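First the structure, in the form of structure tokens, and then the observations on it.
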Amino acid sequence: MPRLLSIFATGCALLSSAAMAGDLFLIDANMNGQNSKTGFNTAEEAADLYTSGQLSQFLSGYNGTQAVTSTLNFRGLPVNLAYPTANNTQLVFAIPSLNITQSFQGATRDESQALFKDYLKKNPDLLARMQKELVRVSPVDPVAGNPNSLMSRTASMDFAQGFALNSPTATGGDASNKFGIGVSYSHMVAEAANGLDSQDTDTISLPLSYAHKFEQPNHEIIINIPLAYSKANDAKSYDAGLGVIYRFPVQERWVLTVGGNVRAVGSVDLLSGAALASGSIMSSYMFGDPDGDWTLTMGNMVTLFRSLSGRINGTSYNPDLQNTVFKNGLLYARRMSGDDKTLEVYIIDTYFTGTKLFSNHQDELGVTWGTRRPAHAKETDYRIGVSMLTGENLKPSFQLNFGAWF
Numbered sequence: 122m123p124r125l126l127s128i129f130a131t132g133c134a135l136l137s138s139a140a141m142a143g144d145l146f147l148i149d150a151n152m153n154g155q156n157s158k159t160g161f162n163t164a165e166e167a168a169d170l171y172t173s174g175q176l177s178q179f180l181s182g183y184n185g186t187q188a189v190t191s192t193l194n195f196r197g198l199p200v201n202l203a204y205p206t207a208n209n210t211q212l213v214f215a216i217p218s219l220n221i222t223q224s225f226q227g228a229t230r231d232e233s234q235a236l237f238k239d240y241l242k243k244n245p246d247l248l249a250r251m252q253k254e255l256v257r258v259s260p261v262d263p264v265a266g267n268p269n270s271l272m273s274r275t276a277s278m279d280f281a282q283g284f285a286l287n288s289p290t291a292t293g294g295d296a297s298n299k300f301g302i303g304v305s306y307s308h309m310v311a312e313a314a315n316g317l318d319s320q321d322t323d324t325i326s327l328p329l330s331y332a333h334k335f336e337q338p339n340h341e342i343i344i345n346i347p348l349a350y351s352k353a354n355d356a357k358s359y360d361a362g363l364g365v366i367y368r369f370p371v372q373e374r375w376v377l378t379v380g381g382n383v384r385a386v387g388s389v390d391l392l393s394g395a396a397l398a399s400g401s402i403m404s405s406y407m408f409g410d411p412d413g414d415w416t417l418t419m420g421n422m423v424t425l426f427r428s429l430s431g432r433i434n435g436t437s438y439n440p441d442l443q444n445t446v447f448k449n450g451l452l453y454a455r456r457m458s459g460d461d462k463t464l465e466v467y468i469i470d471t472y473f474t475g476t477k478l479f480s481n482h483q484d485e486l487g488v489t490w491g492t493r494r495p496a497h498a499k500e501t502d503y504r505i506g507v508s509m510l511t512g513e514n515l516k517p518s519f520q521l522n523f524g525a526w527f
């Protein structure tokens with residue numbers, strides 16, 4: 122919360138410095154007919170300017186008595202903060218899209234800022250409402266709303282394992298117990314929106330897993346421990362979680378997968394974070410001859426997401442995110458001539474309903490190469506792949522994957 126206050130207070134008075142393209146926090150300030158704009162890549166940068174005494178370089182014409190109005194574009198969310206009257210201590214804070222307006226008046230402007238800080242600490246509902254709005258308007262929110270967000274990556278992981286992509290499979294016995302490790306790099310590019318320039322986000326994921334295969338083919342349980350690091354400009358996010366999926370055959374070629382996850386993400390730089398719980402069910406059906414040269418697998422999944430209470434800077438809140446994700450895909454596998462490897466091509470359509478998000482629909486086209494997966498049920502040793510993705514409010518983006526099991 123002190124960082125949030127620092128950013129807003131900084132926005133009241135900045136009078137110089139041009140905003141840089143791609144900045145996530147943009148300040149537009151006006152004083153005595155003068156206009157100044159500046160930008161920051163992280164919330165901490167603004168806080169450092171305010172708390173380290175360097176603010177004076179931006180305030181050569183400000184002595185603490187002038188009327189100042191400012192708008193902070195907080196990752197796509199407009200926030201207004203002003204001293205509307207000269208020689209007056211009243212501080213006015215407003216978020217128009219949330220119909221929030223509050224005023225604070227102490228004996229001095231410093232005391233008004235202290236009252237504002239106290240208001241932020243004692244109103245966790247404000248942070249929750251802001252987080253819910255940010256998943257709708259921000260192209261780089263780490264919780265939800267874009268392909269590199271926690272919600273999107275959780276759904277993609279569940280679908281990949283239910284789809285038999287990058288998942289260990291075996292027929293029982295000692296060979297059925299497998300440890301898996303993978304690494305993926307995804308580069309997401311969002312279109313310019315809500316006052317921000319086009320934004321890039323890079324994510325490195327390290328999915329760890331343990332799979333136990335029961336005697337019956339396609340009957341297994343997988344425990345996942347996914348770890349990830351994301352970066353948008355200089356703003357960093359970290360997440361981790363625990364998940365379990367259970368696969369079982371309905372028929373020889375038809376497999377159902379049910380799963381659940383609890384994952385959390387946090388970013389001091391973006392002043393964002395939340396924990397998500399999810400449950401999913403997926404159907405995977407194979408066409409073609411598993412022992413032949415080709416197969417075609419159809420996958421359909423529904424996942425329910427709910428946010429859990431979390432904490433940021435000591436404040437507990439729950440943004441009340443409630444989403445249902447629908448994923449549908451086709452995977453064509455072709456056996457390499459005279460080899461035990463396969464080339465796979467897939468297409469996946471993803472649609473989000475419920476809480477409004479920045480990007481509610483995406484399409485992905487990818488290719489993988491690796492150890493052959495006959496009968497949708499045998500051991501997988503390794504696979505590498507690349508995919509391209511686009512969708513609502515997104516420019517073409519890509520992902521690289523590698524997975525190995527032993």
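One rule links them: number in this note's numbering = place in the sequence shown (from 1) + 121.
For each residue, glycine too, the CB sits at the ideal point set by N, CA and C.
The structure displayed is predicted, hence computed values, not measured ones.
- Sixteen is the threshold: when 16 or more other Cβ atoms of the shown chains lie within 10 Å of the Cβ of residue 444, as they do, the residue is buried.
- By the C-beta density criterion, residue 299 is buried, having at least 16 other C-beta atoms within 10 angstroms.
- Under the DSSP assignment, residue 341 falls outside any alpha helix (DSSP H), being part of the beta strand (DSSP E) whose first and last residues are 341 to 353.
- Using a C-beta cut-off of 8 Å, the region 189 to 200 makes contact with the region 246 to 261, since at least three inter-stretch Cβ pairs fall below that distance.
- Under the 10 Å beta carbon count, residue 152 is surrounded by 16 or more other beta carbons and is classified as buried.
- Rounded to whole angstroms, residue 244 and residue 230 show a C-alpha spacing of 21 Å.
- About 6 Å separates the beta carbons of residue 148 and residue 191, which is inside the 8 Å limit, making them a contact pair.
- Taking the CA atoms as reference points, residue 327 sits about 15 Å from residue 504.
- Closest in alpha carbon position to residue 413, among 238, 421, 429, 454, is 454.
- In the structure shown, the three-state DSSP call for residue 145 is coil.
- In the same chain as residue 342, and ignoring 5 residues on each side of it, the C-beta atoms closer than 6 Å to its own belong to 333, 367, in chain order.
- Residue pairing for residue 195: DSSP places it in a beta bridge opposite 146, 198.
- Burial is judged here by how many other beta carbons sit within 10 angstroms of a residue's own beta carbon; residue 365 has fewer than 16 and is exposed.
- In the three-state reduction of the DSSP assignment, residue 338 falls in the coil class, being assigned neither a helical nor a strand state.
- Boundaries of the alpha helix (DSSP H) around residue 232: 230 to 242.
- Across the set 372, 264, 485, the C-alpha of 264 shows the shortest separation from the C-alpha of residue 440.
- The beta-bridge partner set that DSSP reports for residue 504 consists of 491, 524.
- Shown here, residue 186 sits in coil according to DSSP, grouped into three states, outside any helix or strand.
- At a cut-off of 4 residues, not a single continuous stretch assigned as alpha helix (DSSP H) sits fully inside the region 440 to 495.
- Only buried fits residue 159, as 16 or more other CB atoms lie within 10 angstroms of its CB.
- Our two residues, residue 357 and residue 350, have alpha carbons roughly 7 Å apart in a direct line.
- Per DSSP, the continuous beta strand (DSSP E) segment holding residue 409 begins and ends at 393 to 409.
- A direct Cα-Cα distance of roughly 4 Å separates residue 370 from residue 376.
- Under DSSP, no beta-bridge partner is assigned to residue 249.
- Between residue 518 and residue 309, the CB-CB gap stays under 7 Å.
- Annotated three-state conformation of residue 310 is strand, per DSSP.
- By the CB criterion at 7 Å, residue 420 and residue 394 fall outside the cutoff.
- Cβ neighbours of residue 396 within its own chain (closer than 6 Å, five residues either side excluded): 385, 429, 431.
- Separation of residue 301 and residue 273 (C-alpha to C-alpha, rounded to the nearest whole angstrom) is 21 Å.
- DSSP places residue 389 outside both helix and strand once states are collapsed to three, so it counts as coil.
- According to DSSP, residue 377 shares a beta bridge with 369, 404.
- Taking C-beta separations shorter than 6 Å and ignoring five residues to either side along the sequence, residue 337 has no partners in its chain.
- Each residue's CA atom was taken as its position, placing residue 238 and residue 212 some 12 Å apart.
- Within its own chain, the residues whose Cβ lies closer than 6 Å to the Cβ of residue 472, once the five positions on either side in sequence are excluded, are 447, 482, listed in chain order.
- When the Cα atoms are used, residue 144 and residue 320 turn out to be separated by approximately 8 Å.
- Partner residues in the beta bridge of residue 317, as assigned by DSSP, are 314.
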